[in-house]
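**Student:** Encoded as structure tokens, here's the structure I'll be asking about.
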Amino acid sequence: MAELPESNPQPPRSNARVIGWCLVGVVGMFAFGFALVPLYNVFCEITGINGKTGGRYEASEAMQTDLNRTVEVQFIAQNGPEMPWVFRPMVHSIKVHPGEPTQVAFYAENPTGAAMVAQAIPSLAPSEGTLYFHKTECFCFNRQALAAGEITEMPLVFIVDTALPEHITKLTLSYTLYDQGEPETVSAVTSERATTTSTNNG
Amino acid sequence: MSAVIDTHAQDHHHGPAKGITRWLYTTNHKDIGTMYLVFSFAMFLLGGTMAMVIRAELFQPGLQIVEPEFFNQMTTMHGLIMVFGAVMPAFVGLANWMLPMMIGAPDMALPRMNNWSFWLLPCAFLILVSTLFMAGGAPNFGWTFYAPLSTTYGPPSTTFFIFAVHIMGISSIMGAINVIATILNLRAPGMTMMKMPLFVWTWLITAFLLIAVMPVLAGVVTMMLMDINFGTSFFNAAGGGDPVLFQHVFWFFGHPEVYIMILPAFGAVSHIIPAFARKPLFGYASMVYAVGAIALLSFVVWAHHMFTVGVPLAGELFFMYATMLIAVPTGVKVFNWVATMFRGSMTFEAPMLFAVAFVILFTIGGFSGLMLAIAPADFQYHDTYFVVAHFHYVLVPGAIFGIFASAYFWLPKWTGHMYDESLAKTHFWLSFVGMNLAFFPMHFLGLAGMPRRIPDYALQFADFNMVSSIGAFMFGATQLLFLFIVIKCVRGGEKAPAKPWEGAEGLEWTLPSPAPYHTFSTPPEVK
Ligand code: HEM
Ligand SMILES: [Cu+2]
Numbered sequence: 111m112a113e114l115p116e117s118n119p120q121p122p123r124s125n126a127r128v129i130g131w132c133l134v135g136v137v138g139m140f141a142f143g144f145a146l147v148p149l150y151n152v153f154c155e156i157t158g159i160n161g162k163t164g165g166r167y168e169a170s171e172a173m174q175t176d177l178n179r180t181v182e183v184q185f186i187a188q189n190g191p192e193m194p195w196v197f198r199p200m201v202h203s204i205k206v207h208p209g210e211p212t213q214v215a216f217y218a219e220n221p222t223g224a225a226m227v228a229q230a231i232p233s234l235a236p237s238e239g240t241l242y243f244h245k246t247e248c249f250c251f252n253r254q255a256l257a258a259g260e261i262t263e264m265p266l267v268f269i270v271d272t273a274l275p276e277h278i279t280k281l282t283l284s285y286t287l288y289d290q291g292e293p294e295t296v297s298a299v300t301s302e303r304a305t306t307t308s309t310n311n312g
Numbered sequence: 044m045s046a047v048i049d050t051h052a053q054d055h056h057h058g059p060a061k062g063i064t065r066w067l068y069t070t071n072h073k074d075i076g077t078m079y080l081v082f083s084f085a086m087f088l089l090g091g092t093m094a095m096v097i098r099a100e101l102f103q104p105g106l107q108i109v110e111p112e113f114f115n116q117m118t119t120m121h122g123l124i125m126v127f128g129a130v131m132p133a134f135v136g137l138a139n140w141m142l143p144m145m146i147g148a149p150d151m152a153l154p155r156m157n158n159w160s161f162w163l164l165p166c167a168f169l170i171l172v173s174t175l176f177m178a179g180g181a182p183n184f185g186w187t188f189y190a191p192l193s194t195t196y197g198p199p200s201t202t203f204f205i206f207a208v209h210i211m212g213i214s215s216i217m218g219a220i221n222v223i224a225t226i227l228n229l230r231a232p233g234m235t236m237m238k239m240p241l242f243v244w245t246w247l248i249t250a251f252l253l254i255a256v257m258p259v260l261a262g263v264v265t266m267m268l269m270d271i272n273f274g275t276s277f278f279n280a281a282g283g284g285d286p287v288l289f290q291h292v293f294w295f296f297g298h299p300e301v302y303i304m305i306l307p308a309f310g311a312v313s314h315i316i317p318a319f320a321r322k323p324l325f326g327y328a329s330m331v332y333a334v335g336a337i338a339l340l341s342f343v344v345w346a347h348h349m350f351t352v353g354v355p356l357a358g359e360l361f362f363m364y365a366t367m368l369i370a371v372p373t374g375v376k377v378f379n380w381v382a383t384m385f386r387g388s389m390t391f392e393a394p395m396l397f398a399v400a401f402v403i404l405f406t407i408g409g410f411s412g413l414m415l416a417i418a419p420a421d422f423q424y425h426d427t428y429f430v431v432a433h434f435h436y437v438l439v440p441g442a443i444f445g446i447f448a449s450a451y452f453w454l455p456k457w458t459g460h461m462y463d464e465s466l467a468k469t470h471f472w473l474s475f476v477g478m479n480l481a482f483f484p485m486h487f488l489g490l491a492g493m494p495r496r497i498p499d500y501a502l503q504f505a506d507f508n509m510v511s512s513i514g515a516f517m518f519g520a521t522q523l524l525f526l527f528i529v530i531k532c533v534r535g536g537e538k539a540p541a542k543p544w545e546g547a548e549g550l551e552w553t554l555p556s557p558a559p560y561h562t563f564s565t566p567p568e569v570k
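Read top to bottom, the protein sequences are chains G and B. Counting from 111, one number per residue, gives the positions in the first sequence under my numbering. Counting from 44, one number per residue, gives the positions in the second sequence under my numbering.
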């Protein structure tokens with residue numbers, strides 16, 4: 111209301127100006143709605159609050175293994191809607207020391223008569239631990255293609271950070287496996303999706 | 044065409060055109076206001092009919108009347124029609140009628156756009172209602188249309204729903220621009236900002252809220268449209284998106300939206316209570332600042348709708364305290380209304396009855412809102428009938444009683460006749476009893492654990508549900524009486540003087556009743 115001082119007996123009479131400012135507001139807020147998408151993703155990446163673990167971890171210097179502490183890591187695997195693959199962790203739970211690289215594997219089988227491509231999406235609970243769970247190798251970094259009837263074991267190498275808050279003694283990593291169609295069509299879908307979505311599916 | 048040019052000199056003084064073209068092409072704020080109000084009432088009856096279907100199914104446990112799929116379409120369409128079709132257009136109608144007369148302007152600032160913003164609405168709702176007859180049925184995912192329910196699992200008609208929301212959004216935005224331009228540019232000389240009547244103030248702030256959040260709503264439905272039809276993954280986890288993002292964007296719109304539905308009612312009640320208490324409004328400036336504070340705070344509380352989706356502790360605390368903070372300016376308003384009535388020479392004509400009920404019952408809704416705002420407690424209340432009770436207490440005796448109070452208050456000015464007072468009082472008491480019977484038991488149902496949006500329920504909820512349904516039928520049927528009262532008042536009745544209410548103040552009462560087709564062609568002087 112700053113431009114309407116009470117001492118001014120004649121308020122501004124230009125409708126065009128008011129419409130102009132309102133339209134700036136409308137367009138700006140429409141853009142803001144879309145800007146919420148990257149803002150949300152960046153915010154979640156920094157804080158880890160939606161449980162999405164990050165991409166490949168590159169250690170600047172080797173982490174000291176903390177032998178005095180043991181953390182239990184549990185693994186869960188599930189299929190997305192209409193996903194026919196058999197998908198499960200080879201070990202369901204493992205005890206690790208923070209700082210120590212650990213390798214586990216997930217079993218995947220394509221029981222259908224056609225080649226298929228899948229993408230695994232991770233989620234960690236409690237989300238507070240997300241920033242302290244590093245993956246140096248993960249099948250979820252890439253799409254997985256399996257021929258008809260093919261079976262595979264997919265590796266995951268991870269390090270629990272020594273800075274993991276004291277009160278967290280157990281982490282649960284869950285993967286959901288989504289059908290991404292047949293191998294040929296994948297590239298088209300990928301390029302389309304890549305333009306609008308974040309890349310932090312780790 | 045030549046006729047128009049010939050009579051141009053008299054153009055400002057002639058009456059309305061004849062026939063249907065009067066309504067199609069009109070740019071007169073009174074005509075457009077009337078059309079908004081009629082449209083809104085039609086939508087109120089349509090949405091109300093759907094509510095009757097819902098309450099009939101819930102009258103007894105078990106599935107009796109409709110299929111669960113259709114039940115879900117009814118809850119969704121009821122919510123959408125009431126919010127976007129009944130409450131919002133009713134307030135735009137009141138704004139059209141009253142704003143120019145309250146600020147001494149000849150018309151709205153942008154009359155042609157005004158015609159457009161009205162006529163878009165019937166188009167939008169024609170599309171929305173037609174989804175009921177499409178293959179796969181109408182939207183069934185609730186008025187909040189959470190993804191992935193509305194994207195991955197929605198019916199084929201979802202695209203039409205999105206289109207309808209886009210059109211309503213454009214209509215609301217155009218309406219808001221018009222209100223802002225009118226209020227900023229067309230006030231009579233001498234009417235400074237702090238002399239504006241409160242209905243004008245609350246509408247100015249509502250219009251800013253509309254401009255700020257309707258584009259966000261348009262954005263979120265556009266993202267849905269792209270997810271459904273163009274293979275993007277805004278809300279699809281498989282493609283790297285996140286369904287929780289949907290809730291953030293939706294509620295960033297959704298919470299200010301609930302204030303869009305209540306602020307104009309705050310304004311109207313701030314005219315009605317002083318008129319019938321025969322005392323000036325207590326604390327005018329604090330009322331203005333309170334509305335401003337509510338509007339600003341409404342942008343930073345949205346996650347109180349999402350306490351249970353996994354917000355981190357710091358977030359829960361922030362949104363809990365921010366939400367509770369809104370109770371402070373809201374409380375200021377309630378205290379000011381009560382202080383206005385205190386030691387006033389009060390009489391209880393229909394507008395005042397609705398306004399007093401507004402203050403009392405809206406406050407109950409505010410208190411249940413405070414209970415819901417307590418994050419740890421919300422884990423129990425969320426998605427139960429307690430939430431349904433809360434928002435019906437703020438919307439029915441809040442927004443809708445505010446609209447009824449305004450209608451009775453200004454009907455004499457609009458029609459030139461007094462409405463039938465004893466029928467109007469009957470309308471009030473039946474609405475009051477019906478509405479409390481319908482919605483009060485829902486608090487208990489929710490606390491006992493009855494989930495919302497279900498067509499069947501466990502046996503222990505049976506009695507309260509039956510009471511609730513009886514109340515709902517009573518409230519619903521009573522609204523036909525309102526239709527009758529208004530028609531009766533339009534067609535005749537005791538002649539209304541220019542100022543039918545002894546204590547009323549404002550420029551609109553300086554005009555004769557009924558208000559002439561063109562008013563304030565020369566602006567009045569405000570001292
Ligand atoms: C003191 C003021 C208020 C407070 C503290 C408050 C708080 C809340 C909270 C915490 C919820 C979420 C409950 C849940 O889903 O678990 C809620 C829901 C709701 N509130 Fe309020 N509220 C207030 C005023 C209002 C007003 C004035 C309106 C509208 C005129 C309103 C309309 C709604 C609606 C429509 C919902 C439900 C949305 C849905 O899930 O469908 N509230 N309120
Ligand atoms: Cu809210």
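All residues carry an ideal CB built from backbone N, CA and C; glycine is no exception.
How is the alpha helix (DSSP H) around Leu247 of chain B delimited, first residue to last?
**Tutor:** Where Leu247 of chain B is concerned, the enclosing alpha helix (DSSP H) stretches over 241-272.
**Student:** Go ahead and pull the three-state DSSP assignment for Asp426 of chain B.
**Tutor:** Reduced to three states, the DSSP call for Asp426 of chain B is coil.
**Student:** Residues around ligand 1, please: the condition is that the C-beta lies closer than 6 Å to some non-hydrogen atom of it.
**Tutor:** Cβ-based neighbours of ligand 1 within the cut-off: B:Thr187, B:Val301, B:Met304, B:Ile305, B:His347, B:His348, B:Thr366, B:Ile369, B:Ala370, B:Thr373, B:Gly409, B:Gly412, B:Leu413, B:Leu415, B:Ala416, B:Asp421, B:Tyr424, B:His425, B:Val430, B:His433, B:Phe434, B:Val437, B:Leu438, B:Gly441, B:Ala442.
**Student:** Is Gln290 of chain G buried or exposed, if buried means 16 or more other CB atoms sit within 10 Å of its CB?
**Tutor:** Counting Cβ neighbours within 10 Å, Gln290 of chain G comes out buried, since at least 16 surround it.
**Student:** Under 8 Å between C-beta atoms, does Gly164 of chain G make it to chain B?
**Tutor:** No, no contact with chain B.
**Student:** Gly143 of chain G: buried (16+ other C-beta within 10 angstroms of its C-beta) or exposed?
**Tutor:** It counts as buried.
**Student:** Counting only the same chain and skipping the five closest in sequence on each side, list residues whose C-beta sits under 8 Å from that of Ser117 of chain G.
**Tutor:** Per-residue confidence for Ser117 of chain G stands at a pLDDT of 45, beneath the threshold of 50, marking its modelled position as unreliable; the derived number appears in the next sentence. So the list is empty, once near-sequence residues are dropped.
**Student:** For Phe475 of chain B, name the three-state secondary structure that DSSP assigns.
**Tutor:** Of the three classes helix, strand and coil, the one that applies to Phe475 of chain B here is helix, per DSSP.
**Student:** Take the Cβ of Gly105 of chain B as the centre, count every other Cβ of all protein chains shown within 10 Å, and call the residue buried at 16 or more, exposed below.
**Tutor:** Looking at its Cβ environment, which holds fewer than 16 other Cβ atoms inside 10 Å, Gly105 of chain B is exposed.
**Student:** Is the beta carbon of Pro419 of chain B sitting closer than 8 Å to the one on Pro543 of chain B?
**Tutor:** Not closer than 8 Å, so no.
**Student:** Considering only DSSP beta bridges, list what Phe296 of chain B is partnered with.
**Tutor:** According to DSSP, Phe296 of chain B bridges with nothing at all.
**Student:** Any contact between the region 166-180 of chain G and the region 192-201 of chain G? By contact I mean 3 or more CB pairs, one from each, below 8 Å.
**Tutor:** Cβ pair count under 8 Å is below three, so no.
**Student:** Pick out whichever of B:Met117, B:Phe134, B:Pro258 has its Cα sitting closest to the Cα of Met78 of chain B.
**Tutor:** Closest option to Met78 of chain B, Cα to Cα, is B:Phe134.
**Student:** In the structure shown, what three-state DSSP assignment does Ala73 of chain B receive?
**Tutor:** The amino acid at residue 73 of chain B is misidentified as Ala; the sequence shows Lys. Helix at Lys73 of chain B.
**Student:** List, in order along the chain, the chain B residues whose C-beta lies closer than 8 Å to that of Asn160 of chain G?
**Tutor:** Within chain B, the residues near Asn160 of chain G are Asp285, Val287, Gly353.
**Student:** Under three-state DSSP, which class holds Val128 of chain G?
**Tutor:** Three-state result, Val128 of chain G: helix.
**Student:** So, is the C-beta of Tyr288 of chain G closer than 8 Å to a C-beta in chain B?
**Tutor:** At least one chain B Cβ lies under 8 Å of Tyr288 of chain G.
**Student:** Is the beta carbon of Gln116 of chain B sitting closer than 8 Å to the one on Ala505 of chain B?
**Tutor:** Cβ atoms of Gln116 of chain B and Ala505 of chain B: not closer than 8 Å.
**Student:** Report the neighbours of Val292 of chain B on chain G: residues whose CB is nearer than 7 Å to its CB, in chain order.
**Tutor:** Ordered by position in chain G, the residues that pass the 7 Å Cβ test against Val292 of chain B are Gly143, Leu146.
**Student:** Taking CB distances under 8 Å as the criterion, tell me whether Ala231 of chain B reaches chain G.
**Tutor:** Judged by the 8 Å Cβ criterion, Ala231 of chain B is not in contact with chain G.
**Student:** Which chain G residues are close to Pro258 of chain B, counting only those with a beta carbon under 9 Å from its beta carbon?
**Tutor:** What Pro258 of chain B touches in chain G: Gly135, Val136, Val137, Gly138, Met139, Phe140, Ala141, Phe142, Gly143.
**Student:** Quick one, which of B:Met367, B:Tyr68, B:Gly459 has its alpha-carbon nearest Arg535 of chain B's?
**Tutor:** At residue 535 of chain B the sequence reads Gly, which differs from the Arg that was named. Per the Cα distances, B:Gly459.
**Student:** Give a yes or no on whether 8 Å exceeds the smallest Cβ distance from Asn311 of chain G to chain B.
**Tutor:** Note that Asn311 of chain G scores a pLDDT of 39, beneath 50, so its modelled location is shaky and nothing firm can be said.
**Student:** Determine the closest residue to Gln254 of chain G out of G:Phe243, G:Thr282, G:Glu219, with distance taken between C-alpha atoms.
**Tutor:** Per the Cα distances, G:Glu219.
**Student:** Report the residues of the region 196-228 of chain B with a CB closer than 8 Å to any CB of chain G, ordered along the chain.
**Tutor:** Here the close residues are Ile216, Ala219, Ile220, Ile223, Ala224, Leu227, Asn228.
**Student:** Determine whether the Cβ of Gln229 of chain G lies closer than 8 Å to any Cβ atom of chain B.
**Tutor:** Cβ-Cβ to chain B under 8 Å: yes for Gln229 of chain G.
**Student:** Compute the minimum distance between the beta carbon of His298 of chain B and the heavy atoms of ligand 2, and state whether it is under 7 Å.
**Tutor:** Correct: His298 of chain B has its Cβ closer than 7 Å to ligand 2.
**Student:** For a cutoff of 8 Å on Cβ pairs, would you count Val150 of chain G as touching chain B?
**Tutor:** This sequence places Tyr at residue 150 of chain G; Val is not what is there. It does: the Cβ of Tyr150 of chain G has a partner Cβ on chain B nearer than 8 Å.
**Student:** Specify, as a first and last residue, the run of the beta strand (DSSP E) that Asn139 of chain B falls within.
**Tutor:** First-last for Asn139 of chain B: 131-146, but that is the alpha helix (DSSP H), not the beta strand (DSSP E).
**Student:** Run through chain B and tell me which residues come within less than 8 Å of Ile129 of chain G, C-beta to C-beta.
**Tutor:** What Ile129 of chain G touches in chain B: Leu153, Ile220, Ala224.
**Student:** Can you grab the Cα-Cα spacing for the pair Arg127 of chain G / Trp244 of chain B, in whole Å?
**Tutor:** Those two C-alpha atoms are separated by around 20 Å.
**Student:** Please return the same chain residues whose Cβ sits closer than 7 Å to the Cβ of Val375 of chain B, not counting the five positions on each side in sequence.
**Tutor:** Around Val375 of chain B: Ser329, Ala333.
**Student:** Under 8 Å, do Leu287 of chain B and Asn125 of chain G count as touching if we go by C-beta distance?
**Tutor:** The sequence given here has Val at residue 287 of chain B, not Leu. No.
**Student:** How would you call Asp426 of chain B, buried or exposed, if buried means at least 16 neighbouring beta carbons within 10 angstroms?
**Tutor:** With fewer than 16 Cβ atoms within 10 Å of its Cβ, Asp426 of chain B is classed as exposed.
**Student:** Can you give me the C-alpha to C-alpha distance between Glu110 of chain B and Phe176 of chain B, rounded to a whole angstrom?
**Tutor:** Taking the straight line joining both Cα atoms gives about 15 Å.
**Student:** Alpha carbon to alpha carbon, what distance is there between Lys280 of chain G and Val214 of chain G?
**Tutor:** Approximately 16 Å between the Cα atoms of the pair.
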